[in-house]
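Residue numbers (my numbering): 896 to 1362.
Please read the structure below before turning to the comments.
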């Protein structure tokens, strides 16, 4: 018994030291990188990542490669960017539960584990890889990445028996796929992709994310139906959209412009307080939060006397969980100007809204894990108290300190993505991007593109300013 007491004390003390040492947040350690990004100093951000590569291995390696991929993309190093994103993609595919870390999570918090991305972050990797392939002229590879987005979403949601994500299908991926197919003169597959996008915009995206069908998508759908010879479908969509279709051949090339606006939300810590109430079933206690209408019965009938006493003394407790904090973009809308013609940039993906809904769906599923964490901590507290009352008190204090939420997330994602398709003149085209903000009115950014007959030019631009 002396050896048991000696070594269990040593284990507890070492565990407490490890847990307390790990309480510094990921972004506290990487604040310099975040500052470079938000200030638009991307070369400095890239240099910082190269010098501070300790996260290339370990629990934060996924975030490291996601950030490297984004920075390389915005610096137009497309091949290098895809190499980093491919590494990140493999890390996500190879993610396997480490049962030691799962156990450690139960006595501490999720920050001790390798970062597990939100479901929408998993598929945004494929979006950036598709953009890179487009810029490299590798259209077939870009289409593969678009297809993988919806395949991944299906696989992710198949794991959930209850409380599935509202984000189950991606209209944006189908829309992008259609745009790529059309640029490659594959009008039949473009029509199918556009039609799939339309159906998802009209259902999932309208209901869950309040995103309307882009007007450009309606035009693209009717045009590819016409080019494929689906004249009955053209008539059907003319009536459906209450629009008269008129085919206008693309003689001198065109531009598809993607506008990435602002940055998506970041994670912060929130908490829910639970109160213990009597349970009519023998051996159970019930934890209740009235604000969120949550109730969790917890069986303690098989616990030791000390553990039961720990739960009997418990009146209320706090569970930490992550929440998103919105970073409102500086610019509210934008348009392209070419030859005095205006082309509105239309919303095609609201990453901010998808992030909030995805996290909320996950929290509903995972609240039980937080309750289990409480159960394990109380057992550890009872064990320590049985051996030494002072040690039991210390464990109680550390349990409170280490009840932390995992606030890591991919912070270089945009707030939203909008797009426009505009005709070009043959040769040099000087096009103005006009962004609108309440604070500064209209701001102009000039771009030059060379129009070529029958060629589609793609360009993506990220405005990083947030309020």
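All C-beta atoms, glycine included, are put in the ideal place defined by N, C-alpha and C.
Keep in mind the model is a prediction, meaning the values are calculated, not measured.
Is residue 953 near the ligand MN - that is, is its Cβ less than 7 Å away from at least one heavy atom of it?
The ligand MN is not among the ligands present in this structure, which contains no ligands whatsoever.
Are residue 1167 and residue 1178 closer than 8 Å when you measure CB to CB?
Residue numbering aside, residue 1167 sits at position 272 when the chain shown is read from its first letter. Residue numbering aside, residue 1178 sits at position 283 when the chain shown is read from its first letter. Not closer than 8 Å, so no.
Contact between the stretch 1309-1324 and the stretch 937-957 is defined here as three or more beta-carbon pairs at a separation below 8 Å; is this criterion met?
no
Quick check on residue 1182: does DSSP put it in helix, strand or coil?
Within the chain shown, residue 1182 is the residue found at index 287, counting from 1. Correct three-state label for residue 1182: strand.
Inter-residue Cα distance where the pair is residue 1049 and residue 1020:
Here residue 1049 is taken as the residue at index 154 of the chain shown, counted from 1. Here residue 1020 is taken as the residue at index 125 of the chain shown, counted from 1. Those two C-alpha atoms are separated by around 16 Å.
Would you call the CB atoms of residue 1231 and residue 1325 closer than 8 Å?
Here residue 1231 is taken as the residue at index 336 of the chain shown, counted from 1. Here residue 1325 is taken as the residue at index 430 of the chain shown, counted from 1. No, they are not a contact pair.
Spatial neighbours of residue 1089 in its chain, beta-carbon cut-off 8 Å, leaving aside the 5 residues before and after:
Within the chain shown, numbered from 1, the residue matching residue 1089 stands at position 194. Contacts found: 1069, 1070, 1073, 1112, 1115, 1116 and 1119.
Candidates 1204, 1188, 1200 and 1307, of which the one nearest residue 1247 by Cα:
In the chain shown, counting from the first residue as 1, residue 1247 sits at position 352. Taking only the C-alpha atoms, the option nearest residue 1247 is 1307.
Within the continuous alpha helix (DSSP H) that includes residue 1328, where are the two ends?
In the chain shown, residue 1328 corresponds to position 433, counting from 1. Boundaries for residue 1328: no alpha helix (DSSP H) harbours it, while the beta strand (DSSP E) harbouring it runs 1322-1332, taken from the DSSP string.
Return the CA-CA distance between residue 973 and residue 983, expressed in angstroms with no decimal places.
One-based indexing of the chain shown puts residue 973 at position 78. One-based indexing of the chain shown puts residue 983 at position 88. Answer to the nearest angstrom: the Cα atoms are 15 Å apart.
Presumed contact (8 Å Cβ cut-off) between residue 935 and residue 1359, rounded CB distance
Reading the chain shown from its first residue, position 40 is the one you call residue 935. Reading the chain shown from its first residue, position 464 is the one you call residue 1359. Yes, they are in contact, since the Cβ atoms of residue 935 and residue 1359 sit about 6 Å apart, within 8 Å.
Keeping to the same chain, check which residues put their C-beta closer than 7 Å to that of residue 1353; ignore five residues upstream and five downstream.
For the purposes of this step, residue 1353 is taken as residue 458 along the chain shown, with counting starting at 1. The residues are 1029, 1030 and 1151.
If you compare alpha carbons, which of 1134, 1011, 1144 and 1161 is closest to residue 988?
Translated into positions along the chain shown, residue 988 becomes position 93. Among 1134, 1011, 1144 and 1161, the Cα nearest to that of residue 988 is on 1011.
Assign residue 1344 to one of three DSSP states: helix, strand, or coil.
Mapped onto the chain shown, residue 1344 falls at position 449. The three-state reading of DSSP puts residue 1344 in strand, counting E and B together.
When you compare each of 1193, 1187, 1164 and 1162 to residue 1175 by their alpha carbons, which one comes out closest?
Looking up residue 1175 in the chain shown gives position 280. For residue 1175, the nearest C-alpha among the options comes from 1193.
Run through DSSP, which three-state label would residue 1167 get?
Stepping through the chain shown from its first residue, residue 1167 is reached at position 272. If DSSP states are grouped into helix, strand and coil, residue 1167 belongs with the strands.
Distance, Cα to Cα, residue 968 vs residue 957?
Locating residue 968 in the chain shown gives position 73, counting from the first residue. Locating residue 957 in the chain shown gives position 62, counting from the first residue. Each residue's Cα considered, the two are about 17 Å apart.
To the nearest angstrom, how far is the alpha carbon of residue 875 from that of residue 1096?
Nothing in the structure corresponds to residue 875, since the chain is present only between 896 and 1362.
What are the start and end residues of the alpha helix (DSSP H) that includes residue 1117?
Your numbering for residue 1117 matches position 222 in the chain shown. Where residue 1117 is concerned, the enclosing alpha helix (DSSP H) stretches over 1110-1123.
Compare the beta carbon distance of residue 1015 and residue 965 with 8 Å and say whether it is the shorter of the two.
Reading the chain shown from its first residue, position 120 is the one you call residue 1015. Reading the chain shown from its first residue, position 70 is the one you call residue 965. In this structure, residue 965 does not lie closer than 8 Å to residue 1015 by Cβ.
Tell me which same chain residues have a C-beta within less than 7 Å of the C-beta of residue 1357, skipping the five on either side of it?
Your numbering for residue 1357 matches position 462 in the chain shown. Taking residue 1357 as the centre and dropping the five residues before and after it, the same chain places the C-beta of 969, 1155 and 1309 closer than 7 Å to its C-beta, in chain order.
So, at 6 Å on beta carbons, what are the nonlocal neighbours of residue 1067 in its own chain, with the 5 sequence-adjacent residues on each side left out?
By 1-based counting over the chain shown, the position of residue 1067 is 172. Once the five neighbours on either side are set aside, the close Cβ partners of residue 1067 are 1243 and 1244.
State the DSSP-derived secondary structure class of residue 935, mapped to helix, strand or coil.
Here residue 935 refers to the residue found at position 40 when the chain shown is read from its first residue. If DSSP states are grouped into helix, strand and coil, residue 935 belongs with coil.
Using 8 Å as the cut-off, can you tell me whether the stretch 1329-1336 makes contact with the stretch 1130-1146, which would need three or more C-beta pairs spanning the two stretches below that distance?
no
So what's residue 1300 in DSSP terms, helix, strand or just coil?
Within the chain shown, numbered from 1, the residue matching residue 1300 stands at position 405. Of the three classes helix, strand and coil, the one that applies to residue 1300 here is coil, per DSSP.
For residue 1216, does the count of other Cβ atoms within 10 angstroms reach 16, so buried, or fall short, so exposed?
As a position in the chain shown, residue 1216 is number 321, starting the count at 1. The residue in question, residue 1216, is buried, as its Cβ has 16 or more Cβ neighbours within 10 Å.
Between which two residues does the alpha helix (DSSP H) carrying residue 1149 extend?
As a first step, residue 1149 must be located in the chain shown, where it is residue number 254. Not the alpha helix (DSSP H): residue 1149 falls in the beta strand (DSSP E), residues 1149-1156.
Can you look up residue 1307 in the DSSP assignment and give me helix, strand or coil?
The residue labelled residue 1307 in the question sits at position 412 within the chain shown. Coil, per DSSP.
Using alpha carbons as the reference points, say which of 943, 924 and 923 lies closest to residue 931.
Here residue 931 corresponds to residue number 36 of the chain shown, with the count starting at 1. Per the Cα distances, 943.
With a threshold of 6 Å on Cβ separation, who are the neighbours of residue 1146 within its own chain once the five nearest residues in sequence on each side are excluded?
What you label residue 1146 is simply residue 251 of the chain shown in a count that begins at 1. Cβ within range, chain order: n/a, list empty.
Could you name the residues of the same chain whose beta carbon sits closer than 6 Å to that of residue 1347, not counting the 5 residues immediately before and after it, in chain order?
The residue labelled residue 1347 in the question sits at position 452 within the chain shown. Correct list, in chain order: 1148.
Nearest-angstrom beta carbon gap, residue 955 and residue 921 [assumed within contact, 8 Å]
Working through the chain shown from its first residue, we reach residue 921 at position 26. Working through the chain shown from its first residue, we reach residue 955 at position 60. With 8 Å as the limit, residue 921 and residue 955 qualify as a contact, their Cβ atoms being about 6 Å apart.
Going by the CB atoms, is the gap between residue 1060 and residue 1256 shorter than 8 Å?
By one-based count along the chain shown, residue 1256 stands at place 361. By one-based count along the chain shown, residue 1060 stands at place 165. Yes, the Cβ-Cβ distance between residue 1256 and residue 1060 is below 8 Å.
Thinking C-beta only, is residue 1313 closer than 8 Å to residue 1158?
Locating residue 1158 in the chain shown gives position 263, counting from the first residue. Locating residue 1313 in the chain shown gives position 418, counting from the first residue. No, the pair does not count as a contact, with Cβ atoms beyond the cut-off.
Roughly how many whole angstroms lie between the Cα atoms of residue 1173 and residue 1190?
Translated into positions along the chain shown, residue 1173 becomes position 278. Translated into positions along the chain shown, residue 1190 becomes position 295. So the alpha carbons of these two residues sit roughly 12 Å apart.
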